[in-house]
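These notes concern the structure reproduced below.
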Amino acid sequence: MAATLEVRGLKAGVGEKEILHGIDLTINPGETHVFMGPNGAGKSTLGNAIMGHPAYEVTEGSITYGDMDLLAETADKRAKAGLFMTFQNPIEVPGITVANFMRNAIEMRTGERVKLWNFRKQVKEIANILTIPEDYADRDLNVGFSGGEKKKAEILQLLILDPELAILDETDSGLDVDAVRVVSKGIQEFQKKEGKSLFIITHNAAILEALEVTHTHILVDGRIVKSGGKELIDEIFTEGFEKYIEADKAE
Amino acid sequence: MAKEKTFVEDVQRDLYDFRDEEIDFYRVDTGLTRDIVLQISEEKNDPEWMRDFRLKCLDIFTHSKMPPWGPSIDGLNLDNIVTYVKPKTGMAGKWEDVPEDIKNTFERLGIPEAERKSLAGVGAQYDSELVYHNIRAEVAAQGVIYTDIESALHGPYGDMIKDHFMHLVRPGEHPFAALHGAVWSGGSFVYVPPGVDVEIPLQSYFRLNAPGAGQFEHTLIIVDDNAKLHFIEGCSAPKYSVANLHAGCVEIFVGNNAKMRYSTIENWSKNMYNLNTKRVTVGENSAMEWVSGSFGSHTSYLYPMTVLKGDHSKMDYTGITFAGAGQELDTGMKVNHIGKHTTSSVNTRSICKDGGISNTRTSVVIAPNADESKSIVGCTSLMLDSISRSDTIPAIDVRNQNSDVGHEAKIGKISDEAVFYLMSRGISEEDARAMIVSGFAESVSKELPLEYAVEMNNLIRLEMVGAIG
Numbered sequence: 001m002a003a004t005l006e007v008r009g010l011k012a013g014v015g016e017k018e019i020l021h022g023i024d025l026t027i028n029p030g031e032t033h034v035f036m037g038p039n040g041a042g043k044s045t046l047g048n049a050i051m052g053h054p055a056y057e058v059t060e061g062s063i064t065y066g067d068m069d070l071l072a073e074t075a076d077k078r079a080k081a082g083l084f085m086t087f088q089n090p091i092e093v094p095g096i097t098v099a100n101f102m103r104n105a106i107e108m109r110t111g112e113r114v115k116l117w118n119f120r121k122q123v124k125e126i127a128n129i130l131t132i133p134e135d136y137a138d139r140d141l142n143v144g145f146s147g148g149e150k151k152k153a154e155i156l157q158l159l160i161l162d163p164e165l166a167i168l169d170e171t172d173s174g175l176d177v178d179a180v181r182v183v184s185k186g187i188q189e190f191q192k193k194e195g196k197s198l199f200i201i202t203h204n205a206a207i208l209e210a211l212e213v214t215h216t217h218i219l220v221d222g223r224i225v226k227s228g229g230k231e232l233i234d235e236i237f238t239e240g241f242e243k244y245i246e247a248d249k250a251e
Numbered sequence: 252m253a254k255e256k257t258f259v260e261d262v263q264r265d266l267y268d269f270r271d272e273e274i275d276f277y278r279v280d281t282g283l284t285r286d287i288v289l290q291i292s293e294e295k296n297d298p299e300w301m302r303d304f305r306l307k308c309l310d311i312f313t314h315s316k317m318p319p320w321g322p323s324i325d326g327l328n329l330d331n332i333v334t335y336v337k338p339k340t341g342m343a344g345k346w347e348d349v350p351e352d353i354k355n356t357f358e359r360l361g362i363p364e365a366e367r368k369s370l371a372g373v374g375a376q377y378d379s380e381l382v383y384h385n386i387r388a389e390v391a392a393q394g395v396i397y398t399d400i401e402s403a404l405h406g407p408y409g410d411m412i413k414d415h416f417m418h419l420v421r422p423g424e425h426p427f428a429a430l431h432g433a434v435w436s437g438g439s440f441v442y443v444p445p446g447v448d449v450e451i452p453l454q455s456y457f458r459l460n461a462p463g464a465g466q467f468e469h470t471l472i473i474v475d476d477n478a479k480l481h482f483i484e485g486c487s488a489p490k491y492s493v494a495n496l497h498a499g500c501v502e503i504f505v506g507n508n509a510k511m512r513y514s515t516i517e518n519w520s521k522n523m524y525n526l527n528t529k530r531v532t533v534g535e536n537s538a539m540e541w542v543s544g545s546f547g548s549h550t551s552y553l554y555p556m557t558v559l560k561g562d563h564s565k566m567d568y569t570g571i572t573f574a575g576a577g578q579e580l581d582t583g584m585k586v587n588h589i590g591k592h593t594t595s596s597v598n599t600r601s602i603c604k605d606g607g608i609s610n611t612r613t614s615v616v617i618a619p620n621a622d623e624s625k626s627i628v629g630c631t632s633l634m635l636d637s638i639s640r641s642d643t644i645p646a647i648d649v650r651n652q653n654s655d656v657g658h659e660a661k662i663g664k665i666s667d668e669a670v671f672y673l674m675s676r677g678i679s680e681e682d683a684r685a686m687i688v689s690g691f692a693e694s695v696s697k698e699l700p701l702e703y704a705v706e707m708n709n710l711i712r713l714e715m716v717g718a719i720g
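Sequence order for the protein chains is L and V.
The working numbering numbers the first residue of the first sequence as 1 and each following residue consecutively.
The working numbering numbers the first residue of the second sequence as 252 and each following residue consecutively.
What follows is the structure, given as structure tokens:
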């Protein structure tokens with residue numbers, strides 16, 4: 001069930017180093033939030049903290065999804081609740097095909113058996129939308145995939161696993177123009193469905209063009225320094241982050 | 252993070268750790284003497300040459316020394332091993348004739364079902380004797396002989412057995428080969444005549460069932476010229492408090508232009524000393540394929556050996572070993588290139604966890620006349636924690652200038668990032684780890700017939716579960 005994600009006063013980091021110094025954020029069903037900011041601002045840390053990466057330690061604050069206290073749950077439970085995250089560098093897992101992996105994931109999440117025939121059909125349809133070869137699904141998960149193929153495989157998983165809230169961590173980085181178009185198309189497919197929320201981290205304007213963006217946040221040094229609508233994206237791409245970085249330093 | 256909640260053998264082995272009450276079975280005294288060997292020989296109605304052979308082997312055994320290398324076998328007291336246990340029934344041709352308790356054991360192991368699923372014949376060994384033996388009419392009609400060695404010794408193939416029995420694995424090689432020669436009992440004899448392609452795999456499924464009983468089954472397979480065979484051997488033993496010994500022997504003779512595949516999943520109880528010797532000799536233009544999965548046992552010594560005798564002969568070896576708490580599994584393979592243009596390709600995988608020790612020992616010998624031969628050996632290990640141990644011990648001996656030999660060893664562990672990746676898709680930590688390990692083993696499981704691949708994946712799952720608290 002789609003629910004509202006609430007982040008309150010979140011402080012988090014890796015080891016001794018605090019990266020997020022107090023984040024407040026609300027993502028309602030159906031909203032698309034874009035996160036921009038210079039490298040090292042804490043965008044990925046925020047995504048990982050929400051998803052439950054064990055290397056990121058939350059020291060203060062809360063993250064809830066509906067009435068679920070996410071900080072009390074492991075990543076798999078968060079995924080079962082409806083969360084999903086694409087990885088900047090998806091892990092290669094030899095010996096498990098993309099198709100079997102996705103089928104297992106659905107079965108483990110729902111506790112119901114997935115009918116093979118219907119599933120193959122669904123994979124085929126989505127592969128066609130993403131203009132990726134059908135044999136993709138029969139290859140070992142991410143093994144020997146090019147950077148672009150890995151990103152497309154992440155979007156394939158997004159559409160097959162069909163979560164409620166998807167965190168896309170630079171899914172467009174390192175892609176050529178065509179691949180960006182395909183990835184963007186996949187995200188649009190997801191966005192079209194009722195009540196889906198998106199948390200998009202990107203440095204790339206092209207991927208956002210065709211998307212409906214409801215909120216934009218600028219992160220600098222572990223804080224959200226500015227929030228707005230889609231117009232903020234245009235501002236950043238014309239003027240850059242400098243103004244916000246300067247302001248942060250001045251504080 | 253991963254703390255041990257339960258011991259694997261306490262709960263997960265329920266599926267296989269059943270045993271029936273021992274009722275009025277014939278047993279010999281514990282310990283090994285000349286009288287015992289003669290008693291076995293008489294009981295089995297051996298031909299004279301076999302009786303003499305047993306006594307010769309006993310003599311070699313009494314004068315042999317334990318190997319100075321490898322895992323400790325101090326826990327093995329041969330005086331405690333009852334060498335021979337025979338179920339009260341003789342051979343049965345029909346399933347209905349097999350006694351109820353023995354049948355129960357087999358039913359729980361799924362043997363008749365496995366047979367129904369396209370397996371050509373079942374020679375299932377219960378303790379030391381074959382009790383159930385069946386071969387499908389069409390295989391027999393092709394002239395294929397598949398029987399227990401004891402009956403074959405007295406039949407028309409007696410001379411063939413005499414000419415091959417322990418000619419490949421000589422009793423003088425090591426104490427357990429000699430011991431095997433002295434007290435061997437049960438096992439399979441397969442002869443595939445020239446030009447016969449046995450399309451469906453032959454399977455033999457045997458297990459130990461008496462406390463302190465050793466098992467010394469002998470498998471003798473002869474694949475004649477232009478013939479083809481896939482033989483499957485699988486073992487699962489219940490666990491006991493006394494040390495158990497398994498010293499089986501497999502000898503395979505592959506003729507010219509022939510093809511042989513030998514697949515096995517061994518799953519011994521965790522007190523078993525598994526000291527097994529397997530060997531094949533391969534003729535011209537022939538191919539030998541080994542698929543081997545080693546699970547369970549307290550200590551294993553297992554190095555299937557291939558002699559590439561004929562020119563242009565080749566061998567592929569795919570093996571996996573899983574060592575858990577308290578286990579030391581010393582596995583690997585040996586290959587001798589004798590013929591010209593011979594090739595060998597080896598892919599071993601080992602997994603260790605909870606302090607288990609896995610050694611991968613390989614030996615490649617290229618003889619002076621084995622011109623233009625090729626060998627590539629790859630050993631990959633996966634360590635599931637920092638208290639386990641994995642070693643790769645390669646030996647390479649090349650005696651000519653024009654052969655090509657390679658060896659590669661890799662060792663790894665499951666990264667937290669990989670586990671998180673799978674968990675972020677809704678897969679529990681336990682399942683994520685099991686999935687990664689199954690994936691690691693896939694190069695082996697994909698070589699197995701489906702039901703064996705499923706069993707192997709189940710075994711991996713069983714071994715993995717319980718590691719996470």
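By construction, the Cβ of each residue, glycine as well, lies at the ideal position given by its N, Cα and C atoms.
No experiment lies behind these values; they were computed from the predicted model shown.
| Item | Value |
| --- | --- |
| I'd like the list of long-range same chain contacts for leucine 710 of chain V, defined as Cβ closer than 7 Å, with 5 residues on each side in sequence excluded. | Asn518 and Phe546 |
| Quick check on the DSSP output: the alpha helix (DSSP H) that includes alanine 166 of chain L runs from which residue to which? | From DSSP, alanine 166 of chain L is part of no alpha helix (DSSP H) but of the beta strand (DSSP E) over 165-169. |
| For arginine 109 of chain L, which residues in chain V fall below 7 Å Cβ to Cβ? | Gly677 |
| Given a cut-off of 8 Å on the beta-carbon distance, is the pair methionine 85 of chain L and isoleucine 678 of chain V in contact? | no |
| Pick out the complete alpha helix (DSSP H) segments inside the region 670-694 of chain V, 4 residues or longer, and give them in chain order. | 680-691 |
| Ignore the nearest five residues each way along the sequence and tell me which others in arginine 78 of chain L's own chain have a CB closer than 7 Å to its CB. | Met51, Gly52 and Leu70 |
| Under 9 Å Cβ-Cβ, which residues of chain L neighbour glutamate 659 of chain V? | The premise fails here: glutamate 659 of chain V is roughly 16 Å from chain L at the closest Cβ pair, so nothing lies under 9 Å. |
| If you draw a straight line from the alpha carbon of glycine 663 of chain V to that of alanine 576 of chain V, how long is it in whole angstroms? | 19 Å |
| What is the residue span of the beta strand (DSSP E) that glycine 547 of chain V lies within? | 538-547 |
| If the cut is a Cβ gap below 8 Å, which residues of chain V does isoleucine 201 of chain L touch? | In chain order: nothing, as chain V lies at least about 15 Å away. |
| In this structure, how does DSSP classify tryptophan 320 of chain V when only helix, strand and coil are distinguished? | coil |
| Tell me the start and end of each unbroken beta strand (DSSP E) in the region 128-196 of chain L that is at least 3 residues and wholly inside, in chain order. | 165-169 |
| Between which residues of its own chain and phenylalanine 145 of chain L is the CB-CB distance below 7 Å, once the five residues before and five after are set aside? | Ala153 |
| Just the chain V side, please: which residues come within less than 9 Å of alanine 153 of chain L by C-beta, in chain order? | In chain order: nothing, as chain V lies at least about 12 Å away. |
| Spatial neighbours of serine 227 of chain L within its chain, please: CB distance less than 8 Å, with the 5 preceding and 5 following residues excluded, ordered by chain position. | His215, Thr216, His217 and Ile218 |
| Between the alpha carbons of methionine 715 of chain V and threonine 284 of chain V, how many angstroms are there, rounded? | 43 Å |
| In the DSSP output, what is lysine 625 of chain V paired with across the bridge? | V/Thr594 and V/Asp655 |
| Apply the 10 Å Cβ neighbour rule to aspartate 581 of chain V and answer buried if 16 or more other Cβ atoms are within range, or exposed otherwise. | buried |
| Quick one: which residues of the region 687-705 of chain V get their C-beta closer than 8 Å to a C-beta of chain L? List them in chain order. | Ile687, Ser689, Gly690, Phe691, Ala692, Glu693 and Ser694 |
| What did DSSP end up calling leucine 572 of chain V once you bin it into helix, strand or coil? | A small fix is needed here, since residue 572 of chain V is threonine in this sequence, not leucine. Note: threonine 572 of chain V maps to strand in three-state DSSP. |
| Am I right that phenylalanine 199 of chain L and tyrosine 672 of chain V are in contact with their C-beta atoms under 8 Å? What's the rounded C-beta distance? | Incorrect: roughly 18 Å between the Cβ atoms, too far for contact. |
| Just tell me which of V/Leu633, V/Arg650 and V/Ile644 has its CA closest to the CA of serine 666 of chain V. | V/Leu633 |
| Just the C-alpha distance for glycine 607 of chain V and serine 520 of chain V, rounded to the nearest angstrom, thanks. | 15 Å |
| Chain L partners of alanine 669 of chain V, CB-CB under 7 Å? | Ile91 and Val93 |
| Taking valine 752 of chain V as the reference, give the member of V/Asn610, V/His415 and V/Gly326 with the closest Cα. | The structure shown has nothing for residue 752 of chain V, since chain V only spans 252 to 720. |
| Please report how far the alpha carbon of glutamine 393 of chain V lies from the alpha carbon of tyrosine 568 of chain V, in whole angstroms. | 28 Å |
| Counting only Cβ pairs nearer than 7 Å, list the residues of chain V close to phenylalanine 87 of chain L. | Tyr672 |
| Under a Cβ-count criterion, where at least 16 other Cβ atoms within 10 Å of its own Cβ denotes burial, should phenylalanine 237 of chain L be classed as buried or exposed? | exposed |
| Which class does methionine 566 of chain V belong to by DSSP, given the choice of helix, strand or coil? | strand |
| Run down chain L in chain order and give the residues with a C-beta less than 9 Å from the C-beta of glutamate 680 of chain V. | Thr74, Ala75 and Asp76 |
| Give me whichever residues DSSP pairs with arginine 223 of chain L in a beta bridge. | L/Val220 |
| Confirm, please, whether the CB-CB distance from methionine 511 of chain V to valine 474 of chain V is below 8 Å. | yes |
| Applying the 10 Å Cβ sphere with the 16-neighbour rule, what's the burial state of asparagine 587 of chain V? | buried |
| For the putative contact between asparagine 651 of chain V and aspartate 622 of chain V, defined by C-beta atoms under 8 Å, what is the C-beta separation to the nearest angstrom? | 6 Å |
| Using the Cα positions of threonine 613 of chain V and isoleucine 627 of chain V, report the straight-line distance between them to the nearest angstrom. | 11 Å |
| Tell me, please, whether the CB atom of proline 38 of chain L is closer than 8 Å to any CB atom in chain V? | no |
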